[in-house]
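S.K.:
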Amino acid sequence: MNSNKKFLLNGKVSVETLPIAASVNDSGLKRLLLDKGELAQFYNSSEPIHLIAYVEFPDGSTRGGHYHPSREEKIYIIRGHMILAVQDIESGEYEVCEIAEGDLISISPKIAHAIKTVKSGHAIEFSSKTFDTAGTIHYPFVLNHL
14 MNSNKKFLLN GKVSVETLPI AASVNDSGLK RLLLDKGELA QFYNSSEPIH LIAYVEFPDG
74 STRGGHYHPS REEKIYIIRG HMILAVQDIE SGEYEVCEIA EGDLISISPK IAHAIKTVKS
134 GHAIEFSSKT FDTAGTIHYP FVLNHL
């Protein structure tokens, strides 16, 4: 049971496609495709979560276009197909990759990000820090590349 993990911006962003497991007893983060429906285990840590949010991605929409100065953000894609654009606000380095259901994205602080929907979908966003509107800084340059 191997996951497929890629790193962007020198490891400041990771996109991991969670493996489909044969059994609930398989260790690690995983997806189980059961007769009664999918069960995805995308977080298992002693570190507390202080923010959990549901995110909808309608066809043709773009979400994001911002960065967080001090908060890491994680996003688990439940369904859909999108394009993730990320830019390091300090170095200006920019990368784009496709993301889809089963992907777990980790975005470090000071990384601007935007997600453009190719096929509508849903996600769960979570963080070990609480949401603070002052901690979400608009960054339009990422959107220009999508």
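Residues 14 to 159 (the working numbering) are what the sequence shown spells out, left to right. Even for Gly, the Cβ is constructed at its ideal location relative to N, Cα and C. The structure displayed is predicted, hence computed values, not measured ones.
Using CA atoms only, rank isn't needed, just tell me which of Lys123, Asp116, Ala147 and Ile150 is closest to Glu138.
M.R.: Taking the first residue of the sequence shown as 1, we reach residue 138 at position 125. The option with the nearest alpha carbon to Glu138 is Asp116.
S.K.: Roughly how many whole angstroms lie between the Cα atoms of Glu29 and Asn17?
M.R.: Position 16 of the sequence shown, counted from the start, is the residue given in the question as residue 29. Position 4 of the sequence shown, counted from the start, is the residue given in the question as residue 17. Rounded to whole angstroms, Glu29 to Asn17 spans 6 angstroms at the Cα level.
S.K.: Give the DSSP bridge partners of Ser140, in chain order.
M.R.: Translated into positions along the sequence shown, residue 140 becomes position 127. Leu64.
S.K.: The beta strand (DSSP E) spanning Ala53 covers which residue range?
M.R.: As a position in the sequence shown, residue 53 is number 40, starting the count at 1. Run containing Ala53: Gly50 to Gln54, per the beta strand (DSSP E) assignment.
S.K.: State the Cα-Cα distance for the pair Lys123 and Ser59, rounded to the nearest angstrom.
M.R.: In the sequence shown, the residue the question calls residue 123 occupies position 110. In the sequence shown, the residue the question calls residue 59 occupies position 46. C-alpha separation (whole angstroms): 24 angstroms.
S.K.: Going by DSSP in three states, Leu31 sits in which element: helix, strand or coil?
M.R.: For the purposes of this step, residue 31 is identified with residue 18 of the sequence shown, where counting begins at 1. Looking at Leu31 - three-state DSSP - the assignment turns out to be coil, as it is neither helix nor strand.
S.K.: Report buried or exposed for Gly73, applying the criterion of at least 16 other Cβ atoms within 10 angstroms of its Cβ.
M.R.: Here residue 73 corresponds to residue number 60 of the sequence shown, with the count starting at 1. With fewer than 16 other Cβ atoms within 10 Å, it is exposed.
S.K.: Per DSSP, which residues does Ile124 bridge with? Please list them.
M.R.: Looking up residue 124 in the sequence shown gives position 111. Partner(s): Asp101.
S.K.: Look at the alpha carbon of His126 and the alpha carbon of Val26, and state the distance between them as a whole number of angstroms.
M.R.: For this step, residue 126 is matched to residue 113 along the sequence shown. For this step, residue 26 is matched to residue 13 along the sequence shown. If I take the Cα positions, the gap works out to 10 angstroms.
S.K.: For Asn23, does the three-state DSSP call read helix, strand or coil?
M.R.: Here residue 23 corresponds to residue number 10 of the sequence shown, with the count starting at 1. Helix.
S.K.: For the putative contact between Arg84 and Lys142, defined by C-beta atoms under 8 angstroms, what is the C-beta separation to the nearest angstrom?
M.R.: Against the sequence shown, residue 84 aligns to sequence position 71. Against the sequence shown, residue 142 aligns to sequence position 129. Yes, they are in contact, since the Cβ atoms of Arg84 and Lys142 sit about 4 angstroms apart, within 8 angstroms.
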